[in-house]
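**Q** Have a look at this one before I ask anything.
There are 2 protein chains.
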Amino acid sequence: MKRLKDIAQELGVSVATVSYVYNNKWKEKRINEKLVQKIKKKIKESNYKPNPLGLQLKTGKTQTIGIILGDLTRSFNLNILSGIEKKLAENNYFALISSSNLGEKEIQHIETFLERKIEGLIISPQKSENYEKLVKIFEKSKIPVVFVDNYLSDKNIDFVVSDNKWGSFKATEYLIKKGKRKIAYIGSEKNLSALNERFDGYCECLKKYGFKIDERLIYKKIEKQEDMYEGLEDIFKKVKPDAIFVESLLYFKYGFKFFYENGIKIPDDIFLTGFDPVDLNLSEIAEVHFNLVVKGLIPFIEQRGEDIGKKAAEIILKKIKNKNKKIWKVFIKPELKNFK
Amino acid sequence: MKRLKDIAQELGVSVATVSYVYNNKWKEKRINEKLVQKIKKKIKESNYKPNPLGLQLKTGKTQTIGIILGDLTRSFNLNILSGIEKKLAENNYFALISSSNLGEKEIQHIETFLERKIEGLIISPQKSENYEKLVKIFEKSKIPVVFVDNYLSDKNIDFVVSDNKWGSFKATEYLIKKGKRKIAYIGSEKNLSALNERFDGYCECLKKYGFKIDERLIYKKIEKQEDMYEGLEDIFKKVKPDAIFVESLLYFKYGFKFFYENGIKIPDDIFLTGFDPVDLNLSEIAEVHFNLVVKGLIPFIEQRGEDIGKKAAEIILKKIKNKNKKIWKVFIKPELKNFK
DNA sequence: TTTATTTGCTCAATCGTTTAAATAAATTAT
DNA sequence: ATAATTTATTTAAACGATTGAGCAAATAAA
């Protein structure tokens, strides 16, 4: 690879001159137009690209953005990543990626990132317990940070998230319009904005249509996939719902087990909907010796991961370049799939 | 962040001295033991970490490995990535990741990687058409390269792959021992080592048990998921198999559609097995208006992605450090799941 | 003609490290 | 007492870029 120095030598000029030409600063530096052309030609011929290391050391800019997302086997996260990458690549930026599967190593990852001089950070926080610490680190580091998927309502930090409230409102409304009257809600207790707002949307919709919220239909104690079974058991023991809204259908596996064992058919006996596409690993569900009967489509709310990622990257790049103080709060409407 | 210079100033010594101490070279440099202790203490106190940019520029080492894998929504690839990351992190190395979804941008990605001064490359080639070009680039770049998933038998390039032949031999043997006599093979035509060796394993096993290979039972023209339907149709038209070995069950979706529409039950009417876990997106399969009946477990061959990734990272690191010329050719036996 | 200004380019410091070579002081050998 | 050696540390160049300041030479103004 040729260095600035090599090109300068070949043309018998100084390194500085070549640098000015390469960086389009020859006008203010009043380099002779003819020389400029000569240098430009040589630069092109030798396919010169500045050594990023020299450049980085000098400017302190690494053209690198740190990315910390949750479980990448979840396609939503992967889509976010893909969106981020595309946008960054367009702008000659790079992604340094760490998946903080359980939010446990978030802090540690960030510190390594900072050592590596990332210019910005896109993070999807997975554990609300870490929030305080995270925010402190961000404030100290002074690099732009954009949250995705979840955000902190009481802090002035940019974010790009799904319009979760809108999505669950719409889904609930859909169920109501289908004539459903006993709509159960199953979710977790994690204190994450995305999940809280899904519940809010459900409640608001019920209220709007004049239904009151029935505590017997609500189960918000899901911690691991297996709990889905218990959750349904718990609700059905108290009152038989005619529809179920699930915080995330992604891991509904054990819900189907419950349906199967109790002879509950979709959609004849119950309407099922929720966020995220159902994802069944057949080799796994087969473990429960399964007869799965599904007729027709399961409606679900699909989040636009790629758009979220793109937008987040766009914001980070803007903040790096302009250093303006505007705080972006972006909600991206998810898609309603199979709602008919 | 403190620099070497700061520490040196605070102690009234030169930068070099501190550097020698930090890098454990004070013995050969005969730095006074007491001073060494003082400096070490200060280093610890101020939590000094060398600025990677300065270090990188000086040494030319970026502590970064380029990773190019195929479709990351495929959990196998994700597992490889996860394995690589773990190993690299243990050794203070970083991963620069690019997923070359269709192998189209492989070349371009590699060139950007090289500009960024990666010290090594782990790649899972997705298109045999690119092989020649790839190999040329590698030879020119002189950085260590390790292939995963697929390899080039005629080149001397390290690789870590599943023992695909062993896996399909075992699976075929399993079917034979279950009394199956008409075992179909469904696969693609891509010229990739992993896929070729799966077919080899199938053939070898049949031969070993004294069966001859029946062309009517073999369909190797799968290009996209939908082709699975046609493939089965094609085979069943000629001769009704009692078992099917599928190159990868991951996208068997349309196979189930065929079974459903023709009233074929697993495992009563047919035995199904192959590489990779079946992955059904229920929201998608519902599109074909599905009644899926699965009784019991579907046996499948699960590749040890994480182990492959770890091993590949290990090899890369070794090659970077030792510069030895040994070529590693590692086959990792996959796991036989639900074979009973 | 002298002075001021513009033009056109080079010098040299800088970023944070590493490391060969130089140097000074202390010790040992002659 | 002088020279040679060992010990302990510093100096300075280098990696590859950027960039403010500096310096001639050419041109314009006085």
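Chains as they are written, first to last, in my numbering: chain A, 1198 to 1537; chain B, 1198 to 1537.
No residue lacks a Cβ here, since even glycine has one placed at the ideal position from N, Cα and C.
All values reported here derive from a predicted model rather than from experimental measurement.
#1: Can you name, in chain order, every residue of its own chain whose Cβ lies under 8 Å from the Cβ of ILE1524(A), other than the five neighbours on each side?
#2: What are the residues of the segment 1305-1321 of chain B that lie near chain A, defined by any Cβ-Cβ distance shorter than 7 Å?
#3: Determine which residues of the segment 1221-1251 of chain B have a Cβ less than 8 Å from any Cβ of chain A, and write them out in chain order.
#4: Between VAL1443(B) and chain A, is any beta-carbon pair separated by less than 9 Å?
#5: Note down the Cα distance separating LYS1568(B) from ASN1220(B), rounded to an integer number of angstroms.
#6: Less than 9 Å separating the beta-carbons of ILE1319(B) and ILE1307(B)?
#7: Leaving aside the five residues before and after LEU1285(A) along the sequence, list all residues of the same chain whose C-beta is less than 7 Å from its C-beta, in chain order.
#8: What is the rounded straight-line gap between the Cα of VAL1210(A) and the Cα of LEU1514(B)?
#9: Hey, how far is the Cα of LYS1374(A) from the Cα of LYS1367(A)?
#10: Would you say the segment 1421-1440 of chain A touches the segment 1459-1478 of chain A, given that touching needs at least three Cβ pairs under 8 Å?
#11: Run through chain A and tell me which residues come within less than 7 Å of SER1272(B), C-beta to C-beta.
#12: Does any residue of chain B bring its CB to less than 9 Å from the CB of GLY1384(A)?
#13: When you compare each of ARG1395(A), LYS1508(A) and ARG1271(A) to LEU1477(A) by their alpha carbons, which one comes out closest?
#14: Look at the alpha carbon of PRO1322(B) and the alpha carbon of LEU1331(B), and state the distance between them as a whole number of angstroms.
#15: List in chain order: all unbroken alpha helix (DSSP H) runs of 4+ residues lying wholly within the segment 1225-1287 of chain B.
#16: Got a sec: is the Cβ-Cβ distance from PHE1291(B) to anything in chain A below 9 Å?
#17: Taking Cβ-Cβ distances shorter than 7 Å, what residues in chain A pair up with GLN1253(B)?
#18: Which two residues bound the contiguous beta strand (DSSP E) that contains ILE1529(A)?
#19: Which of the three DSSP states is assigned to TYR1416(B) in this structure?
#20: List the residues of chain A that LEU1514(B) touches, going by C-beta distances under 8 Å, in chain order.
#21: Does GLU1282(A) have its Cβ less than 9 Å from a Cβ in chain B?
#22: What three-state label does DSSP hand ILE1463(A) in the structure shown?
#23: Answer with yes or no whether the minimum CB distance from GLY1257(A) to chain B is below 9 Å.
#24: Go ahead and label ASP1351(B) buried or exposed: buried means 16 or more other beta carbons lie within 10 angstroms of its beta carbon, across all protein chains shown.
#25: Nearest to LYS1454(B) by alpha carbon, out of ARG1227(B), LYS1516(B) and ASP1424(B)?
#26: Can you tell me whether LEU1299(A) is helix, strand or coil according to DSSP?
#27: Apply the 10 Å Cβ neighbour rule to ALA1440(A) and answer buried if 16 or more other Cβ atoms are within range, or exposed otherwise.
#28: In angstroms with no decimal places, state the Cα-to-Cα distance between ASP1504(B) and GLU1412(B).
#29: Using a cut-off of 8 Å between C-beta atoms, extract the partners of ILE1294(A) located in chain B.
#30: Start and end of the alpha helix (DSSP H) containing GLU1329(B)?
#31: Whole angstroms are fine: how far does the CA of PRO1341(A) sit from the CA of GLU1287(A)?
#32: From this set, VAL1215(A), ILE1529(A), LEU1469(A) and GLY1506(A), which residue's C-alpha is nearest LEU1275(A)'s C-alpha?
#33: Using 9 Å as the limit for Cβ to Cβ distance, is LEU1533(A) near chain B?
#34: Is LYS1377(B) buried or exposed, if buried means 16 or more other CB atoms sit within 10 Å of its CB?
#35: So what's GLU1532(A) in DSSP terms, helix, strand or just coil?
#36: So for ILE1441(B), helix, strand or coil by DSSP?
**A** So, from the listed chains and residues:
#1: ASN1353, ILE1354 and ASP1355
#2: GLU1312, ARG1313 and LYS1314
#3: LYS1246, ASN1248, PRO1249, LEU1250 and GLY1251
#4: no
#5: In the structure as shown, chain B starts at 1198 and stops at 1537, and residue 1568(B) therefore has no counterpart that could be examined.
#6: no
#7: ILE1262, PHE1291, ALA1292 and ALA1510
#8: If you take the alpha carbons of VAL1210(A) and LEU1514(B), they lie about 41 Å apart.
#9: Whole-angstrom Cα-Cα distance: 10 Å.
#10: yes
#11: THR1270
#12: no
#13: ARG1271(A)
#14: 9 Å
#15: You should have 1230-1242, 1249-1256 and 1272-1287.
#16: yes
#17: LEU1250
#18: 1526-1529
#19: strand
#20: Per Cβ cutoff of 8 Å: no residues; LEU1514(B) is ~17 Å from chain A at best.
#21: Cβ-Cβ to chain B under 9 Å: yes for GLU1282(A).
#22: strand
#23: yes
#24: exposed
#25: ASP1424(B)
#26: The pLDDT assigned to LEU1299(A) is 49, lower than 50, so where the model puts this residue is not dependable; a value taken from the coordinates is nonetheless given after this. In this structure, LEU1299(A) counts as coil in the three-state DSSP scheme.
#27: buried
#28: 36 Å
#29: ALA1292 and ILE1294
#30: 1328-1338
#31: 19 Å
#32: For LEU1275(A), the closest alpha carbon among the candidates VAL1215(A), ILE1529(A), LEU1469(A) and GLY1506(A) is that of GLY1506(A).
#33: no
#34: Buried: at least 16 other Cβ atoms inside 10 Å.
#35: strand
#36: strand
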